[in-house]
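With our numbering applied, the sequence shown has no gaps in its numbers, which climb one by one up to 895 at the end. These notes concern the structure reproduced below.
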Amino acid sequence: MYIRASTLLFPVFALASLVAAAPGDIEARGGGSCTSGTQLCCAQTFAANSVGVALIQSLLGVTVDPVIGPLLAIGCTAFVGSCAAQTTCCQSGQSDNLVYVGCNNIAV
Numbered sequence: 788m789y790i791r792a793s794t795l796l797f798p799v800f801a802l803a804s805l806v807a808a809a810p811g812d813i814e815a816r817g818g819g820s821c822t823s824g825t826q827l828c829c830a831q832t833f834a835a836n837s838v839g840v841a842l843i844q845s846l847l848g849v850t851v852d853p854v855i856g857p858l859l860a861i862g863c864t865a866f867v868g869s870c871a872a873q874t875t876c877c878q879s880g881q882s883d884n885l886v887y888v889g890c891n892n893i894a895v
């Protein structure tokens, strides 16, 4: 009626290996950084597809060309530490920076 030590230690080692193998949070994996563009605070983002382009063109009356994805953004200002809207990383601006293309959402 004795309990083997391995019976008690196996669950401890199994759980420890799961915790060690778990990925880090988004910040630790670089998800909160902007490495290939400008970090912006944008009022709205749209999918960089025909529907998103048509919506931006009808709202603003501007032509988006070329369309670079995955997101298009409008109403953007420089990111200065906090953002009440969506923080994005965008490759470039068009129409005097009225529309930004090549955007990705980032977590800060």
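Think of the CB as a built atom: it goes at the ideal place given N, C-alpha and C, for glycine as much as any other residue.
- In the DSSP assignment, S845 falls within the unbroken alpha helix (DSSP H) covering S837 to L847.
- For N891 and S845, the gap between their C-alpha atoms comes out near 22 angstroms.
- Leaving aside the five residues that flank T864 on each side, the residues in its chain whose CB is nearer than 6 angstroms to its CB run, in chain order, C828.
- In the DSSP assignment, L859 falls within the unbroken beta strand (DSSP E) covering L858 to A865.
- In this chain, the beta strand (DSSP E) harbouring T832 covers T825 to A834.
- DSSP places T875 in the uninterrupted beta strand (DSSP E) bounded by Q873 to C877.
- The beta carbons of Q873 and V888 sit no closer together than 8 angstroms.
- In this structure, the straight-line span from the alpha carbon of D852 to that of G868 is close to 30 angstroms.
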